[in-house]
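S.K.: One structure coming up, written as structure tokens, with questions to follow.
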Amino acid sequence: MKKLRLLSVSFDSHLQPWDLPKFRGAVARKVGLEHEWFHNHDNSEASPDPSKGGEMGDGENTPFGAGAGKPRYHHRYPLIQYKIDTHGRQMRPMLLCLDDCIEEAHHFFSQADWSLRIGDQVHDMRIARLHVDQINLNVWEQPFTYRLHKWRALNSENFKEWQQMDGLAEKYAFLENILAANILSFARGVGWTLDKRFEVKITRLQKEEWVSFKRIKVLAFTVEFKVNISLPEYIGLGQGAGEGFGVVRRQSIPNKNQRPE
3 MKKLRLLSVS
13 FDSHLQPWDL
23 PKFRGAVARK
33 VGLEHEWFHN
43 HDNSEASPDP
53 SKGGEMGDGE
63 NTPFGAGAGK
73 PRYHHRYPLI
83 QYKIDTHGRQ
93 MRPMLLCLDD
103 CIEEAHHFFS
113 QADWSLRIGD
123 QVHDMRIARL
133 HVDQINLNVW
143 EQPFTYRLHK
153 WRALNSENFK
163 EWQQMDGLAE
173 KYAFLENILA
183 ANILSFARGV
193 GWTLDKRFEV
203 KITRLQKEEW
213 VSFKRIKVLA
223 FTVEFKVNIS
233 LPEYIGLGQG
243 AGEGFGVVRR
253 QSIPNKNQRP
263 E
């Protein structure tokens with residue numbers, strides 16, 4: 003078991019989901035690019051020079067802007083994530099910080115001015131909703147039911163495998179293996195070692211759609227699944243987990259009296 007701390011902050015502004023990379027870029031510029039958890043790019047000497055113009059999260063969607071060359075990424079689970087809070091009718095930008103990166107949030111909130119330029123608009127980032135939580139990550143006897151929204155499960159290699167599959171059962175099994183790997187990636191990222199087996203079962207493939215990401219079209223799935231692991235609300239799984247893809251929402255909770263395995 004691991005106790006995981008979470009901080010979610012929703013801002014009193016309106017943002018479309020496709021502007022999340024720009025939101026991420028604006029926050030990273032505000033706190034300073036030396037704080038790598040906010041953008042997950044590698045600032046080592048081999049990385050691009052951030053002084054070469056352009057804006058992080060602009061049309062190029064890089065932290066160092068147009069003309070800065072190809073960025074290098076940290077291959078790690080993002081502990082600072084950018085979301086859309088859909089509570090109520092308005093779509094609000096939301097910052098989600100996990101565990102040790104809760105302390106990183108002060109780099110933004112200690113600023114005298116919280117306003118952000120997102121695209122061609124300046125947003126006054128007043129706090130609409132702030133929630134601090136701690137959950138117990140554990141493997142349980144009975145499964146929880148979750149909905150996974152716009153999950154980018156496939157890379158260029160396994161997309162080719164997916165295209166060659168005909169049967170629905172084969173596709174479900176294929177996606178279940180990928181989802182299990184994504185959950186393990188999350189666990190490693192937050193420092194949780196799973197010493198027990200868990201089982202993932204996709205119960206419904208609700209939607210399959212092409213979405214835009216960094217000016218290219220990628221395939222995303224919205225699925226319902228069951229797993230005997232307690233996962234936090236709003237965390238991301240899969241590719242683009244830090245920028246609003248693969249958002250986890252809990253649909254049902256098993257018997258509260260059940261015991262961990």
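Under our numbering, the first residue of the sequence shown carries the number 3, and numbering increases by one thereafter.
Even glycine gets a Cβ: it sits at the ideal position worked out from N, Cα and C.
(1) If you drop the 5 nearest sequence neighbours on each side, which residues of the same chain put their C-beta closer than 6 angstroms to that of residue 219?
(2) Under the assumption that residue 236 contacts residue 139 (Cβ atoms under 8 angstroms), give the Cβ distance between them as a whole number of angstroms.
(3) Are the region 197–204 and the region 224–240 touching, with three or more C-beta to C-beta distances below 8 angstroms?
(4) Under 8 angstroms, do residue 39 and residue 106 count as touching if we go by C-beta distance?
(5) Based on the DSSP output, what are the partners of residue 222 in its beta bridges?
(6) Shortest alpha-carbon distance to residue 41 belongs to which of 12, 77, 167, 125?
(7) Which ranges does the beta strand (DSSP E) cover as unbroken runs of at least 3 residues, wholly within the region 130–164, from first to last along the chain?
(8) Given this structure, state the Cα-to-Cα distance separating residue 83 from residue 172, to the nearest angstrom.
(9) Would you call residue 53 buried or exposed, if buried means 16 or more other Cβ atoms sit within 10 Å of its Cβ?
(10) Buried or exposed: where does residue 79 fall if 16 or more other Cβ atoms within 10 Å of its Cβ makes it buried?
(11) In or out: residue 110 buried (at least 16 other Cβ within 10 Å) or exposed?
(12) If I measure Cβ to Cβ from residue 37 and keep anything under 8 angstroms in the same chain, skipping five residues before and after, which residues do I get?
(13) DSSP three-state label for residue 227, please.
(14) Please classify residue 129 as buried or exposed, where buried requires at least 16 neighbouring CB atoms within 10 angstroms.
(15) Check the C-beta distance from residue 176 over to residue 95 and give it rounded, since I have them as a contact under 8 angstroms.
M.R.: By the coordinates alone:
(1) Taken in chain order, the residues that qualify are 212.
(2) With a Cβ gap of about 15 angstroms, residue 236 and residue 139 do not count as contacting.
(3) yes
(4) yes
(5) 211
(6) 77
(7) The qualifying runs are 141–153.
(8) 32 angstroms
(9) Note that residue 53 has pLDDT 37, beneath the 50 cutoff, so the model's placement of it is unreliable and no number is given.
(10) buried
(11) When all chains shown are included, residue 110 counts as buried.
(12) The answer, listed in chain order, is 30, 106, 109.
(13) In this structure, residue 227 counts as strand in the three-state DSSP scheme.
(14) exposed
(15) Residue 176 to residue 95, Cβ: 34 angstroms. No contact.
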